[in-house]
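Take 48 as the starting number for the sequence shown in my numbering and just add one per residue.
All C-beta atoms, glycine included, are put in the ideal place defined by N, C-alpha and C.
Data block below; observations after.
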Amino acid sequence: MVDFAKVRAIDIHTHAEEPCGCHADDGYDELQSTMASYFGAPWKHPPTIPETAAHYRAMNIAAVIFPVDAERETGYRRYSNDEVLELVKENEDVLIPFASIDPWKGKMAVREARRLIEQHGIRGFKFHPTMQGFYPNDRMAYPFYEVLAEHGCVALFHTGQTGVGSGMRSGNGMRLKYSNPMYLDDVAVDFPDMNIIAAHPSFPWQEEAIAVAQHKPNVYIDLSGWSPKYFPPILVRYANSLLKKKMLFGSDWPMIAPEKWLDAFDKADFKDEVRPLILKENAMRLLGVGT
Numbered sequence: 048m049v050d051f052a053k054v055r056a057i058d059i060h061t062h063a064e065e066p067c068g069c070h071a072d073d074g075y076d077e078l079q080s081t082m083a084s085y086f087g088a089p090w091k092h093p094p095t096i097p098e099t100a101a102h103y104r105a106m107n108i109a110a111v112i113f114p115v116d117a118e119r120e121t122g123y124r125r126y127s128n129d130e131v132l133e134l135v136k137e138n139e140d141v142l143i144p145f146a147s148i149d150p151w152k153g154k155m156a157v158r159e160a161r162r163l164i165e166q167h168g169i170r171g172f173k174f175h176p177t178m179q180g181f182y183p184n185d186r187m188a189y190p191f192y193e194v195l196a197e198h199g200c201v202a203l204f205h206t207g208q209t210g211v212g213s214g215m216r217s218g219n220g221m222r223l224k225y226s227n228p229m230y231l232d233d234v235a236v237d238f239p240d241m242n243i244i245a246a247h248p249s250f251p252w253q254e255e256a257i258a259v260a261q262h263k264p265n266v267y268i269d270l271s272g273w274s275p276k277y278f279p280p281i282l283v284r285y286a287n288s289l290l291k292k293k294m295l296f297g298s299d300w301p302m303i304a305p306e307k308w309l310d311a312f313d314k315a316d317f318k319d320e321v322r323p324l325i326l327k328e329n330a331m332r333l334l335g336v337g338t
């Protein structure tokens, strides 16, 4: 298990990729290579889970890692949660597993979520409304949320614009409207005992994300997907004040390396007393692994 007293930070937002690489038959390789170009990533092939673990181990950083199940909307085969878990368990000194299940799978999603939580101790689930094609407050997803709330799991939602499909014809079919963070307000009201993370600086809806996180005790913001040097001033201002216990370090690996994010964070205008909260302490409290 992760020794949280020794790691210097907790990256709340990293992606798992399959050992076999990209799927040339369903277009997934084109999506990944386009995203790598968009983010300026240095690799041609996304790193595998063992490679990810080795990188984070060398950095002395713990990482929450998850796949994204968006089979119905995109046609891309998902990376099985069970396969991810097998590899994470071999690297559990540095990796913390979340899972991903498309909520459109209905009762199948509910059954799988319950199994992963009760049999494997999964602590959270990743949702990507734009890739999965749903509004977070769509009632079809509520039976899924009920399982998460029952077991004290975290629901991590992509918010704002996405690099997925950026620059591709028709944006690769990705509809940005689904990821407005204001839709999380309904979810926070209806599931007050389920902790929610609004992932990424939520361009172009940053103020909506801040409003929801400030108003709802169970809503947090992770700072992944952007270099801190590009953070809007209002986000930094709230991170330094009213939301200092609601902000979480995230990189969005493998598109952004944690050391690159941390280097920019060191140079950004965050207060010294706030930095340890963002880098580690807030995540420990949210995950229930420390004070």
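Quick one: give me the first and last residue of the beta strand (DSSP E) that residue i is part of.
i	result
residue 173	171-174
residue 205	201-205
residue 196	First-last for residue 196: 189-197, but that is the alpha helix (DSSP H), not the beta strand (DSSP E).
Our contact map puts residue i next to residue j with C-beta atoms below 8 angstroms; I'd like the distance itself, whole angstroms only.
i	j	result
residue 160	residue 148	6 angstroms
residue 222	residue 180	7 angstroms
residue 293	residue 260	5 angstroms
residue 301	residue 114	Rounded, the Cβ-Cβ distance is 13 angstroms, inconsistent with contact.
residue 183	residue 204	6 angstroms
For residue i, which of the options has the nearest alpha-carbon?
i	options	result
residue 275	303, 183, 261, 89	303
residue 99	134, 217, 130, 191	134
residue 295	318, 314, 331	331
residue 128	138, 120, 122, 116	116
residue 264	50, 138, 240	240
residue 64	311, 105, 112	112
residue 137	106, 101, 150, 89	101
residue 192	155, 225, 238	238
residue 109	153, 130, 58, 132	58
residue 231	217, 257, 313	257
residue 145	62, 320, 309, 253	62
residue 206	225, 132, 280, 325	225
residue 315	286, 336, 335, 333	286
residue 216	51, 56, 81	81
residue 235	249, 266, 336	266
If I follow the unbroken alpha helix (DSSP H) through residue i, where does it start and stop?
i	result
residue 97	96-106
residue 116	From DSSP, residue 116 is part of no alpha helix (DSSP H); its letter is neither H nor E.
residue 384	Given a span of 48 to 338 for the chain in the structure shown, any question on residue 384 remains unanswerable.
residue 353	Nothing about residue 353 can be read from this structure; the chain reaches only from 48 to 338.
residue 331	329-334
Identify the residues that DSSP records as bridge partners of residue i: which are they?
i	result
residue 57	109
residue 269	246, 295
residue 143	111
residue 167	The partner list for residue 167 (beta bridge, DSSP) is empty, contrary to what the question assumes.
residue 62	113
How about residue i: is its Cβ closer than 7 angstroms to a heavy atom in the ligand ZN?
i	result
residue 284	Only the bare structure without any ligand can be found here, which leaves the ligand ZN out of the picture.
Contact criterion: CB-CB distance below 8 angstroms. Does residue i meet it with respect to chain C?
i	result
residue 156	The chain inventory of the structure shown lacks chain C, comprising one protein chain alone.
Could you give the uninterrupted runs of the alpha helix (DSSP H) lying entirely in the stretch 274-312, keeping only those of 4 residues or more? 280-286
Whole beta strand (DSSP E) runs in the stretch 232-266 with 3 or more residues, listed along the chain? 242-246
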